[in-house]
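Take a look at the structure below.
In the working numbering, the protein residues as written are 361 to 476.
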């Protein structure tokens, strides 16, 4: 009976190094902030969360509002641009720039809060 070749586990050298680094550091501990830094971090978190929820609601309203527009104005199905119904073009083109604009708006507002 022929001998089977020995099985060898093939791992990335980077993975091996990452595991070694993790063991060398010891236990990971949650960093503790000074009381005034912790208070500022909590305030920033609350303000950014509130503004993030506002951006989330605006995005949801834009995405839900588009079908409502189609329901309110069914004539958009009859209007054609380059032989494509306008409602299809709106559905394909409008959501992505809207979401990108909301993301940039949210990022700008979050950074403005941190600069204060």
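No residue lacks a Cβ here, since even glycine has one placed at the ideal position from N, Cα and C.
Across the structure, residue 392 and residue 402 are spaced so that their CA atoms are roughly 13 Å apart. Below 8 Å, enough C-beta pairs join the segment 411 to 424 and the segment 455 to 464 to call them touching: three or more. The beta carbon of residue 475 lies closer than 7 Å to none in the same chain, with the five residues before and after it left out. With a beta-carbon spacing of about 14 Å, residue 462 and residue 426 fall beyond the 8 Å limit used to define contacts. Between the beta-carbon of residue 465 and that of residue 415 there is about 7 Å, and that keeps the pair under the 8 Å contact cut. Under DSSP, the beta-bridge partners assigned to residue 444 are 441. C-alpha of residue 446 to C-alpha of residue 440: approximately 5 Å in a straight line. The three-state reading of DSSP puts residue 391 in coil, since its state is none of H, G, I, E or B.
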